[in-house]
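In our numbering, the protein residues as written are 18 to 93. Positions of the beta carbon are idealized from the N, C-alpha and C atoms, including for glycine.
This is how it looks when you write it as structure tokens:
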């Protein structure tokens, strides 16, 4: 996978998160193979809430996020 391929996947994951959480403006923390995707959402007071969700990458082009697995996590 090239850096460009990784950027395309990163962008697709971010687009999916922003569609799901359109009002909260989520930001990705990390995407690591064989681990849940982690991201955070900042509320109106600036407090961050951290989440993890399972996902799959198919054919290096398609991202499937299993929204039923979203869970709030402790960042530490």
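### Message
By alpha-carbon positions, which one of 55, 30, 61 and 87 ends up nearest to residue 41?
### Response
61
### Query
Just reading off the beta strand (DSSP E) that residue 28 is part of, what are its end residues?
Here residue 28 belongs to no beta strand (DSSP E); instead the alpha helix (DSSP H) covers 20-37.
### Task
Please list, in chain order, all residues of the same chain as residue 84 whose beta carbon is under 8 Å from its beta carbon, the five residues on each side excluded.
37 and 70
### Message
I'd like the span of the beta strand (DSSP E) that includes residue 86, first residue to last.
### Response
79-90
#### Entry: residue 82 to residue 43 span [Cα, whole Å]
14 Å
### Task
Look at the alpha carbon of residue 66 and the alpha carbon of residue 22, and state the distance between them as a whole number of angstroms.
29 Å
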